[in-house]
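Have a look at the structure below before the remarks.
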């Protein structure tokens, strides 16, 4: 710094030590509280289990809505909640299970929900539309394709797990 | 950097006299433990305030998880204590702090009493102090019910019986506290929660402000 050796005066020394001790006390008081408050952000989100949804024989080429119930543990409150998926078989006989959650603002979409577009998913909130494979129709509010459920078939039953991003994004994103 | 921000603000709104008024004042020799070690007795008022600050902070954080509902109160307390990081510490601070603050308050009162520091012109501040003591006891009492376990429940039953024992208005006082003439339940818990986190702290802040303004106005009492 300067050419002169910096001297710490008694007053400065006292100031620094008091600020240090005070800061340490305040920090040790606040640290557990802050950690306590931000705990939800830091809790590990465990991967969702696969849940049995429907017999594979019931799945057609037309998207159908299937519901299943999951026991949801919300901190101290446990309840049964219902999830849904729109499920169909595509032209290659592959099962497609689409999340009903609109990518615009999270409303629930319906297959053929609008009589004017009988072969599209329709969101009643802001007239968002999606093609059968989940791709959002250009110039409607949503800006991404409907999410896909991870699925597996065991003993003729369809099991659904987490949702993941749909690979059929506009522009191949 | 900090100095620059401070100067920028001070330039415009002149905050220096504000904080100097609060923070910058002489500590008389007879109150300074560096001169007379026995002066540590003057710490208890400040310690009461310090613990009160801890109580306010830990209480604010606890309400992030606690719900005042008879179905969920105990479960939310159990959850925050066993599942949330440092929940045991934060609840522990509030739990033990509640006792410590009463102890400090009592020691502070003893000091003021035995030094005769309550005498003219400081009688008014003594009265405010007594009110503060009552508010603090009431905070302890209403907070005791909130975990909604057996100890809390039956302690509150007993408290309400005591309130009922007051001549003439006892029954009314009990119903007022309880929220119901006979059931100690949903309404009682909601009421105690509201009193504990809104009404009593509001009273506490007002009384503390008066207490501190008066001590600054009148100065600390002289040496024995």
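Protein chains in written order, with the working numbering: chain W, 1093 to 1265; chain V, 15 to 238. Built from N, CA and C at the ideal position, the CB exists for glycine as well.
For residue 86 of chain V, the neighbours in chain W by C-beta distance under 9 angstroms run, in chain order, 1168 and 1169.
By the neighbour-count criterion, in which a residue is buried when 16 or more other Cβ atoms sit within 10 angstroms of its Cβ, residue 1117 of chain W is exposed. The C-alpha of residue 1247 of chain W lies about 45 angstroms from the C-alpha of residue 100 of chain V.
Taking 8 angstroms as the Cβ-Cβ cut-off, the stretch 1129-1160 of chain W approaches chain V at 1129, 1131 and 1134, given in chain order. In the three-state reduction of the DSSP assignment, residue 50 of chain V falls in the coil class, being assigned neither a helical nor a strand state. Proximity of the stretch 96-115 of chain V to the stretch 68-78 of chain V meets the contact definition, three or more beta-carbon pairs being nearer than 8 angstroms.
In this structure, the alpha-carbon of residue 209 of chain V lies about 7 angstroms from that of residue 156 of chain V. Between the stretch 1253-1263 of chain W and the stretch 1224-1232 of chain W, the count of Cβ pairs shorter than 8 angstroms is three or higher; the stretches touch. Sequence-distant Cβ neighbours of residue 98 of chain V in its own chain, meaning closer than 7 angstroms and more than five residues away, are 79. Take residue 150 of chain V, set aside five residues on each side of it, and the residues of its chain with a beta-carbon closer than 7 angstroms to its own are 115, 116 and 119, in chain order. At least one beta carbon of chain W lies nearer than 7 angstroms to the beta carbon of residue 98 of chain V.
For residue 55 of chain V against residue 125 of chain V, the beta-carbon gap comes to about 5 angstroms, under 8 angstroms, which counts as contact. Think of a sphere of 7 angstroms around the beta carbon of residue 72 of chain V: the chain W residues whose beta carbon falls inside it are 1125, in chain order.
Here residue 1222 of chain W is bridged, per DSSP, to W/1213 and W/1228. As DSSP reads the structure, residue 1202 of chain W sits in a beta bridge with W/1214. Setting aside the 5 residues that flank it on each side, residue 1249 of chain W is surrounded in the same chain by 1144, 1147 and 1148, each with a C-beta closer than 7 angstroms to its C-beta; the list follows chain order.
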